[in-house]
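Chains as they are written, first to last, in the numbering used here: chain H, 24 to 343; chain X, 1287 to 1530.
In this text, a Cβ means the ideal position worked out from N, Cα and C, and glycines have one as well.
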Amino acid sequence: MTRSHALAAAAFAGALLVPFVVRSDYTLQVLFRLFLFSALGLAWNLVGGYAGQLSLGHSAYFGAGAYGLALSTRLGLPAWPSVGVGILVAMLFALVIGGVSFRLRGPYFALATIACAEILRLSAKNLTGLTGGDVGAAVPALFSGQVVRSFYWSAVLLASLAAAATLAVTRSRFGYYLMAIREDEDTALSVGIDTAKTKLAALLISAALTAVAGSLYASLFLYIVPDQVFGLDISNEVAIVAMLGGVGTIAGPIVGALILETASELFKNVFLEAHLLIYGGLLVFVVLFLPDGIVGTIVRRRTLARRRAKPPRAPDHAAA
Amino acid sequence: MPLLEVDRVSKRFGGLRAVSGASFSIGEKEIVFLVGPNGAGKTTLFNLITGFIHPDEGRIRFAGTDVTLITPNRAARLGIGRTFQIVKPLGSLTVLENVMLGAFLHTASRARAAHDAREVLAYLRMEAVAAATARDLPLAMLKRLEIARALATRPKLILLDEVVSGLSTAEAMALAALLQKLPERGVAAVGGVEHVMRVVVSIANRVVVLDHGAQIAEGEPHDVVRMPAVVEAYLGAKFRERHL
Chain H
24 MTRSHALAAA
34 AFAGALLVPF
44 VVRSDYTLQV
54 LFRLFLFSAL
64 GLAWNLVGGY
74 AGQLSLGHSA
84 YFGAGAYGLA
94 LSTRLGLPAW
104 PSVGVGILVA
114 MLFALVIGGV
124 SFRLRGPYFA
134 LATIACAEIL
144 RLSAKNLTGL
154 TGGDVGAAVP
164 ALFSGQVVRS
174 FYWSAVLLAS
184 LAAAATLAVT
194 RSRFGYYLMA
204 IREDEDTALS
214 VGIDTAKTKL
224 AALLISAALT
234 AVAGSLYASL
244 FLYIVPDQVF
254 GLDISNEVAI
264 VAMLGGVGTI
274 AGPIVGALIL
284 ETASELFKNV
294 FLEAHLLIYG
304 GLLVFVVLFL
314 PDGIVGTIVR
324 RRTLARRRAK
334 PPRAPDHAAA
Chain X
1287 MPLLEVDRVS
1297 KRFGGLRAVS
1307 GASFSIGEKE
1317 IVFLVGPNGA
1327 GKTTLFNLIT
1337 GFIHPDEGRI
1347 RFAGTDVTLI
1357 TPNRAARLGI
1367 GRTFQIVKPL
1377 GSLTVLENVM
1387 LGAFLHTASR
1397 ARAAHDAREV
1407 LAYLRMEAVA
1417 AATARDLPLA
1427 MLKRLEIARA
1437 LATRPKLILL
1447 DEVVSGLSTA
1457 EAMALAALLQ
1467 KLPERGVAAV
1477 GGVEHVMRVV
1487 VSIANRVVVL
1497 DHGAQIAEGE
1507 PHDVVRMPAV
1517 VEAYLGAKFR
1527 ERHL
């Protein structure tokens, strides 16, 4: 564990130093996206990976962060406290969406999350008095001066915060509770776990982190429309990042973001809108051939190899 | 006052009377078996007692509290542990982690939970498989894992749903010998079995016989298996000819 600690510390320090080496704003923006989606994937992973609740509606919280920032500054609030408002709104959405959809299991839950996010997207499009509808809303700048650098650093910090939160969760009773719910909800109930409350707690943490990412994203563009921040694209990309890298692992979403963002950068000029086809193809490939994701598959292979090298004692069948 | 009191409890699923007017009680540290063929209502009764479903009629009391409409997690907190007939391991977790999840009911510390879980694993002679992934276990061990996880919650009462079914006679008798020591741990047990009468007769203090959701007999194991109604309805005429 100490070696991976050192590795993580080195990676963090390295990531912070990047803007002193990389001068191109364009490259920094690509890297910003990479860390932003790492953070989003990690946040999603708490609910979708550890607790096994396949949310395909995380744009609800992303959009809450984006519009929370845009609309509260319009009411006269300074920019950073407005990010806080976005977090609160996202958590409120999480309470309502979780309260409704956590009653459902499996694919029904996934469908309910999509439906909730779509309700928010359509509301944002049509409540033109509040959101400006499809015309869009202006978002205040969170930084001045070396703007892209500052956004890059915030994304690195957010991803690190999400990773640290995930690590803390996996080492706590709460983390075990989430995994128990993923493995078998009835069993979780039978050992006294309040599964409804536990799932909701995970969703609240996840929504808060996702909202901050939404605020950062919105403020970088300075302008948002509902289809962009409440859209299915965001929901899907967040889930794919985590699933591609490996659900229920810390490194998974980061690896997933690295691959997906690199691929989308490479192909975006070649395929234009066909990147959706690539998302779909990737998702099918992962589900069929790498159900544990990239990191998950590596971990499993390594565990198997270690077991083969040192076989465990035979189970004690004739006990007692 | 009995530990568990099931009072004229009925449950219908559509047109099927799964349990009709079942009444029995369990004292502290007692081992009672519910006996009856497939469909007699044993699993439904266990689901009713643990709050996974709620009765249409009747009351259930546990340690002086009315638990008729309790939720499953509250039932576990009150001290009712259970196993599942169709085993429900936390598949991708290790055996130790599975049992730790029971132990977490009383502590938030991972070290403490692991310590408690190891104690339960030792009691059930499962130390050797502690590090194995749960889904890789053979059935006999999965059945024990169900018991271990429930025991780790330190229940006052444990409901054992068909824990010996699917096991060889040797495996079943070995498990029975371990279950016999439950009262020493301060745990009362209600077991449900379809057959394997040897296990029942060897470790039960009392037997409740169910047939089509209704209770047809209750008493000490040796007496119950001789009651004509029981023999007719459940064991069959052949058993009577051969053994009585």
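When X/G1300, X/A1326 and X/A1475 are compared, the shortest CA-CA separation from X/L1496 is found for X/A1326. The alpha-carbon separation between H/G109 and X/T1336 amounts to approximately 41 Å. Around X/P1507, the same chain offers V1486, V1487, A1490 and V1493 as residues with beta carbons nearer than 7 Å, after the five sequence neighbours per side are excluded. Its Cα nearest to that of H/G88, the residue H/F116 stands out among H/E206, H/F116 and H/G75. Scanning X/A1304, X/K1297, X/A1308 and X/G1388 for the CA closest to the CA of X/E1504 turns up X/A1308. Taking CB atoms only, X/R1440 has no neighbour in chain H less than 8 Å away.
Counting only residues of its own chain and dropping the five nearest sequence neighbours on each side, H/V309 has a CB closer than 6 Å to the CB of M266 and L267. Shown in chain order are the members of the region 198–211 of chain H whose Cβ falls below 7 Å from a Cβ of chain X: Y199, M202, A203, E206, D207, D209 and T210.
When only Cα atoms are considered, H/A231 and H/L118 end up about 11 Å apart.
Assignment of H/L153 by DSSP, reduced to helix, strand and coil, places it in the helix class. Restricted to the region 173–211 of chain H, the alpha helix (DSSP H) segments that are unbroken, complete and at least 4 residues in length are 196–206, listed in chain order. The continuous stretches of alpha helix (DSSP H) do not include X/F1299, which lies in the beta strand (DSSP E) extending over residues L1290 to F1299.
Counting only Cβ-Cβ distances below 8 Å, X/M1386 has contacts in chain H at Y199, in chain order. Taking the Cα of H/A280 as reference, the smallest distance to any Cα among H/A286, H/S287 and H/V264 is reached at H/V264. Counting only runs of 3 or more residues that sit fully inside the region 1316–1359 of chain X, the beta strand (DSSP E) segments are 1317–1321 and 1343–1348, in chain order. Runs of beta strand (DSSP E) with 3 or more residues, each lying fully within the region 1415–1491 of chain X, are found at 1443–1447 and 1474–1479, listed in chain order. Within the region 1308–1341 of chain X, those residues whose Cβ lies closer than 9 Å to any Cβ of chain H are, in chain order, T1336, G1337 and F1338. Burial of X/K1297 is indicated by the presence of at least 16 other C-beta atoms within 10 angstroms of its C-beta. Neighbours of X/K1429 across chain H, judged by C-beta separation under 8 Å, do not exist; the nearest C-beta is about 12 Å away.
In the structure shown, H/L223 adopts helical secondary structure according to DSSP, grouped into three states. At a cut-off of 8 Å between C-beta atoms, X/L1446 does not count as an interface residue with respect to chain H.
Counting only residues of its own chain and dropping the five nearest sequence neighbours on each side, H/L212 has a CB closer than 7 Å to the CB of T218.
Below 8 Å, enough C-beta pairs join the region 1440–1447 of chain X and the region 1474–1483 of chain X to call them touching: three or more. Of the candidates H/V171, H/T189 and H/G237, the residue whose Cα lies closest to the Cα of H/L51 is H/V171. Unbroken alpha helix (DSSP H) runs of no fewer than 4 residues, entirely contained in the region 81–121 of chain H, are found at 82–97, following chain order. At least one C-beta of chain H is nearer than 8 Å to the C-beta of X/E1383. According to DSSP, X/D1497 shares a beta bridge with X/A1500. The alpha-carbon separation between H/A93 and H/G71 amounts to approximately 28 Å. DSSP places H/G269 outside both helix and strand once states are collapsed to three, so it counts as coil. In the three-state reduction of the DSSP assignment, X/T1369 falls in the coil class.
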